[in-house]
Amino acid sequence: MTEQTPFYATTAISYPNGRPHIGHAYEAIAADTLVRFKRLDGFETRFQTGTDEHGQKMQQTAEKLGTTPRELADTNSARFREMDDELEISYDRFIRTTDADHAAASQELWRRMEANGDIYPDTYAGWYSVRDEAYYAEDETEVRADGQRYSIGTGTELTWTEEESYFFRLSRYQDRLLELYRSGFVQPETRSHEIASFVEGGLQDLSISRTTFDWGVPVPGNPDHVMYVWVDALTNYLTGLGYPDTENPLFQRFWPADVHLIGKDIARFHAVFWPAFLMSAGLELPRKVFAHGFLFNQGEKMSKSVGNVIDPHALIGEYGLDQLRFFLLREVPFGQDGNYSHDAIVGRINSDLANDLGNLAQRSLSMVAKNLGGTVPEPGELTVEDRAMLDEARAVVAEYRTAFDALAFHRGLESVWRVIASANRYFTAQQPWVLRKTDPGRMATVLYTTAEVLRIVAVLVQPVMPGAMARLLDQLGQPEGPARTFAALDTPLAPGTPLPKPSGVFPRYEEPTALAD
Ligand code: ME8
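Residues in the sequence shown are numbered from 1 upward in steps of one, following full-length UniProt numbering.
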């Protein structure tokens, strides 16, 4: 066997100051899909997600709720983990920044940056957004009609903060960062341009410790300071591989990360601060930071105060997990902002899933069960139409792989659904239900061709809809394991393989209100 190539992907770690919402689910699903794809495509994968539990936001939220940050983190981190499990996120580690091994990793990173001469004590005086856990320069802020000062970029309220603090010499890294961006480190392109122009504007040194509260990782050698939450948060990507033990087999195998998958609002932290910290500490840089867009509820930003925050658990209950995963990745070009709406998801379920794929599978496989003894049919000589159909399905593999490697999930799925549309046209044109009486041999060939196209489709779409595609592959007589990997895409269905009784994979979504009328 050839040695597998390692592939390490991470999501952002979420603040457990509240319950998870659909934006968190979206990121987890996208990252999980990417990792499942690489795993099926022969890579040895490592996948990390988790919760970001320190900092002022956690401390303040806990105070408001009359609890401790630790209890708040315990309660909500468990909810994030339950969400991930319910979404079938195939993480290898769910990290919590309060985990025992994490402080050591963060402190070692700090020491290395310090040893490199990049950390010095001073006083911070400026604007801070607790909601963003971010510092803003004066020209990034505005005073609104209510007399309060807000961040222009994110609209969050700011507080004037003055305290003793350690600083990181971020300004030293400007040129090296700009060079890094030229290598395609930040994706998509639009985000890369935004980040590069921010850095071109000049970098201030960054305050990296806090003294006015204590919910954080203590600064080595000065326990009056806790680290700025982003220093410890970003370090999670190293902690999960055993850092500071750089001899740890996980670290050796999986660092540097192949991709940090994050939302566009935190691109600056990942594309400016994080590579600068790593350069300073003499560690290799991740290969890619990919910033996805935001999900809106029918065009509106989701917020607790508007009351339009969508709970992923409720969506799964209403539409089904695979349907939700498919919708999110098919509907929204990955990297752009997108919209969630009931009508859009029902449209995808009923047309793409129930009609296009579900019906084709049901019609063809039930004919096999009824007329051909429930085994994969023996094809006769292939006609031009059969060959064209099979060639089209086989050709989509390369297109799909290229799209998924570029995290263009929507494009990969679109190309597969083009094949499904062709297969529906092929099936209708060949009329196997007529051939049943006139030319049973030819019917067997048409049903074989259709089943083989379904097999290719099902293998390819597994990363997006693991449950439904596993059921379809069961119905195609493909056992779990090697037969379901991308390496098996070239091995056509073996005639005579026994098939279980077919059953519908994608039910139609029926409006509950229509039933009540
Ligand atoms: O930012 N649509 O945590 P977080 C899409 N702890 N993505 C969304 C979204 C939406 N409506 N809302 C949030 C943090 N996200 C930090 C990260 S990483 C070292 C520390 C995404 O809970 C957001 O962009 O606010 C981020 O990638 C993730 O959810 C967690 O957000």
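The C-beta atom is built at its ideal place from N, Cα and C for all residues, glycine as well.
LEU109 sits close to PHE277, with the two beta carbons spaced by under 8 Å. Residue environment analysis places VAL143 among the exposed positions, since fewer than 16 neighbouring C-beta atoms fall within 10 angstroms of its C-beta. The Cβ atoms of VAL396 and SER415 sit closer than 8 Å to each other.
Relative to the ligand ME8, the beta carbon of TYR8 is positioned no closer than 7 Å to any heavy atom.
Close CB contacts of TYR91 within its chain, under the 7 Å cut and outside five residues either way in sequence, are with PHE47, GLN48, THR49, ASP84 (chain order).
Uninterrupted beta strand (DSSP E) stretches at least 3 residues long and entirely within the stretch 253-280 occur at 259-263, given in chain order.
By the C-beta criterion, the stretch 368-379 is judged to be in contact with the stretch 490-504, since at least 3 inter-stretch pairs fall below 8 Å. Residue environment for TRP160: exposed (fewer than 16 other C-beta atoms within 10 angstroms of its C-beta). If you draw a 10 Å sphere on the C-beta of ASN236, you find 16 or more other C-beta atoms in it, and that means buried. Spanning the alpha carbons of LEU472 and VAL289 requires a straight line of approximately 34 Å. Each residue's CA atom was taken as its position, placing ALA421 and ALA361 some 12 Å apart. The beta carbons of GLN475 and ARG484 sit no closer together than 8 Å. An exposed status is given to PRO223, since fewer than 16 other beta-carbon atoms sit within 10 Å of its beta-carbon.
With contact defined as three or more Cβ pairs closer than 8 Å, the stretch 114-122 and the stretch 268-285 are in contact. Setting aside the 5 residues that flank it on each side, ARG149 is surrounded in the same chain by THR141, VAL143, LEU158, each with a C-beta closer than 6 Å to its C-beta; the list follows chain order. At a threshold of 7 Å, ILE266 counts as near the ligand ME8, since its beta carbon sits closer than that to one of the ligand's heavy atoms.
Taking 7 Å as the cut-off, one finds at least one heavy atom of the ligand ME8 near enough to the beta carbon of GLU27.
Counted as a single uninterrupted DSSP element, the beta strand (DSSP E) harbouring ASN222 occupies residues 222-227. In this structure THR61 is buried. Its beta-carbon is surrounded by 16 or more other beta-carbon atoms within 10 angstroms. Distance from the CA of ALA398 to the CA of GLN462, rounded to the nearest whole angstrom, comes to 16 Å.
When Cβ pairs closer than 8 Å are counted between the two stretches, the stretch 422-438 is seen to touch the stretch 446-455, the count reaching three or more. Residue environment analysis places THR97 among the buried positions, since at least 16 neighbouring C-beta atoms fall within 10 angstroms of its C-beta.
Under the criterion of beta carbons closer than 8 Å, LEU329 and THR33 qualify as touching, at roughly 6 Å. A residue is called buried once 16 or more other Cβ atoms fall within 10 Å of its Cβ, and GLY55 is buried on that count. Looking at the DSSP output, ALA134 sits in a beta bridge with SER129.
Remark: C-beta atoms of TYR124 and GLU163 approach each other more closely than 8 Å. In this structure, PHE167 keeps its C-beta atom at 8 Å or more from the C-beta atom of ASP139. If you look at VAL289, you'll find it isn't in any alpha helix (DSSP H); it sits in the beta strand (DSSP E) that goes 289-292.
Counting along the chain, the unbroken beta strand (DSSP E) around ILE13 starts and ends at 6-14. In this structure, VAL229 and GLU133 form a Cβ contact; the two beta carbons are roughly 5 Å apart against a cut-off of 8 Å. For PHE213, the three-state secondary structure derived from DSSP is coil. Around GLY23, the same chain offers LEU295 as residues with beta carbons nearer than 6 Å, after the five sequence neighbours per side are excluded.
Judged by their CB atoms, PRO256 and PRO218 are not nearer to each other than the 8 Å cut-off. LEU489 is bridged by DSSP to nothing; it lacks a bridge partner. SER171 and MET113 have their C-alpha atoms some 14 Å from each other. Listed in chain order, the alpha helix (DSSP H) runs fully inside the stretch 295-354 are 312-319, 321-331, 342-347, counting runs of at least 4 residues.
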